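Numbering of the sequence shown is given in the numbering used here, commencing with residue 1230 and proceeding in unit increments.
Each residue gets a CB set at the ideal place from its N, CA and C atoms; glycine is no exception.
No experiment lies behind these values; they were computed from the predicted model shown.
The structure appears right after this line, and notes come after that.
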Amino acid sequence: MATVTIRDVASAAGVAVSTASRALNNRGDVSESTRRRVLQAARELDYVPNSLARGLLSGRTRTVGVIVTTILNPFYAAVVAGIQDVLGAKGYNVVLYNSDEDQRKELAAVEALIAQRVDGIILAPVQKTPETVELLVNRNVPFVLVGRTILGLDTDYVVCDDIAAGQIATEHLIRKGHRQIMLINSSRNSSSELRYQGYAAALRANGIEVDSRLVRSVVLHTDAERAVLQALDEGIRPTAIFCFCDAMALGVMRALRARGLRVPDDVALVACDNLDFTEFLEPALTTIDVPKHEMGVKAAEVLLSKLHKHKKRTTQVVLRPSLVARAST
């Protein structure tokens, strides 16, 4: 069967090809009766727009690439949902890649998206170093960083106030009477560095020295359990633990149970992200709420503004986190 073209739709509706195109693209300069006639003809002919051909003609594919560490992480699933809500409403398709915290995969994903002629890219960067961002700049690809940024680099981003997240969590534990507060941190992104700054600032503001023995950095969420067990085996006895993210708190809980320590009676526990599962843990986990969906929404809005040339200066959005106090503290 021959492919139905927009010319066939225009002929069936009795209008010019240009009029059919405006009607199908929901332009405002077409009467409602003409629009209905064109849409009816398109339905009857089973017309499917050729977005690739349209992109070649217009220089736009109405496709945006999104690169996150892994969509299996509920944090980034919520961010991507926010991105899709905004872009989908504006008629954009989303192409999603996982980097798996591997910069080589991240760079390969960027190259693949450029080859697909995406209009722009939203990226949760893997490393603190700027190689991927430099590639995007050199290729003139509009982009926005989300969730993380490259410290010291003047570029568009939408992030949580990670310093505030560290401060809020640590101050909550201090108000509960804790002074021996361990930090189980991530080792390789901007958020971990900033959350450490917030943790350290809260301790110092309350006259508590930062003890390097109480700060442990891990690469993977699954390493958090091992880090706590090692600290306990070294004779370190924190009365409270602040975890970089909720997923790490699961490993920490396992480690504490393995040593016969109860949460919160022996060790209080607070984490960060406020993922859905945290309220169903036993005990329910105190956590810092990061506005994940809003982060995705804002990132998409910033990118759209860049694509439509509504802005020239960089846009840097920092969202405020908040404490969700539960039974673990």
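Residues near residue i in its chain [Cβ-Cβ closer than 8 Å; skip 5 each side]
i: residue 1491; result: 1485
i: residue 1258; result: 1251
i: residue 1450; result: 1474, 1476, 1477, 1479 and 1480
i: residue 1383; result: 1543
i: residue 1278; result: 1235 and 1253
i: residue 1483; result: 1454
i: residue 1318; result: none
Contact under 8 Å by Cβ, residue i with residue j
i: residue 1522; j: residue 1381; result: no
i: residue 1295; j: residue 1387; result: no
i: residue 1275; j: residue 1299; result: no
i: residue 1477; j: residue 1500; result: yes
i: residue 1309; j: residue 1325; result: yes
i: residue 1413; j: residue 1442; result: no
i: residue 1357; j: residue 1420; result: no
i: residue 1426; j: residue 1392; result: yes
i: residue 1362; j: residue 1331; result: no
i: residue 1316; j: residue 1339; result: no
i: residue 1481; j: residue 1463; result: no
i: residue 1520; j: residue 1479; result: no
i: residue 1385; j: residue 1544; result: yes
i: residue 1359; j: residue 1379; result: yes
i: residue 1487; j: residue 1458; result: yes
i: residue 1305; j: residue 1337; result: no
i: residue 1235; j: residue 1394; result: no
For residue j and residue i, believed in contact at Cβ under 8 Å, the rounded distance
i: residue 1267; j: residue 1252; result: 4 Å
i: residue 1293; j: residue 1350; result: 7 Å
i: residue 1175; j: residue 1525; result: Summary: the structure shown does not reach residue 1175, with the chain confined to residues 1230 through 1558, and so no result is reported for it.
i: residue 1456; j: residue 1447; result: 5 Å
Cβ neighbours of residue i in the same chain (closer than 6 Å, five flanking residues each side left out)
i: residue 1468; result: 1407 and 1409
i: residue 1435; result: 1403
i: residue 1515; result: 1499, 1554, 1555, 1557 and 1558
i: residue 1546; result: 1387 and 1527
i: residue 1389; result: 1519, 1548 and 1550
i: residue 1415; result: 1421 and 1473
i: residue 1504; result: 1303 and 1475
i: residue 1411; result: 1443, 1467 and 1470
i: residue 1429; result: 1439
i: residue 1423; result: 1391 and 1392
i: residue 1264; result: 1252
i: residue 1502; result: 1304, 1474, 1475 and 1519
i: residue 1289; result: 1348
i: residue 1507; result: 1475, 1514 and 1516
i: residue 1529; result: 1312, 1315 and 1316
i: residue 1307; result: 1521 and 1522
i: residue 1373; result: 1351, 1385, 1528, 1531 and 1532
i: residue 1493; result: 1557 and 1558
Residues bridged to residue i (per DSSP)
i: residue 1518; result: 1502 and 1551
i: residue 1386; result: 1374 and 1545
i: residue 1445; result: 1413
i: residue 1295; result: 1325 and 1351
i: residue 1470; result: 1411 and 1498
Residues near residue i in its chain [Cβ-Cβ closer than 7 Å; skip 5 each side]
i: residue 1334; result: 1328
i: residue 1242; result: 1249, 1266, 1267 and 1270
i: residue 1320; result: 1291
i: residue 1238; result: 1249, 1267, 1270, 1271, 1274 and 1276
i: residue 1313; result: 1323
i: residue 1510; result: none
i: residue 1233; result: 1274, 1275 and 1276
i: residue 1552; result: 1397, 1401 and 1517
Pairs of beta-carbons, one from the segment 1390-1407 and one from the segment 1358-1374, closer than 8 Å: are there three or more? Taking a contact to require three or more Cβ pairs closer than 8 Å, the segment 1390-1407 and the segment 1358-1374 do not qualify as touching.
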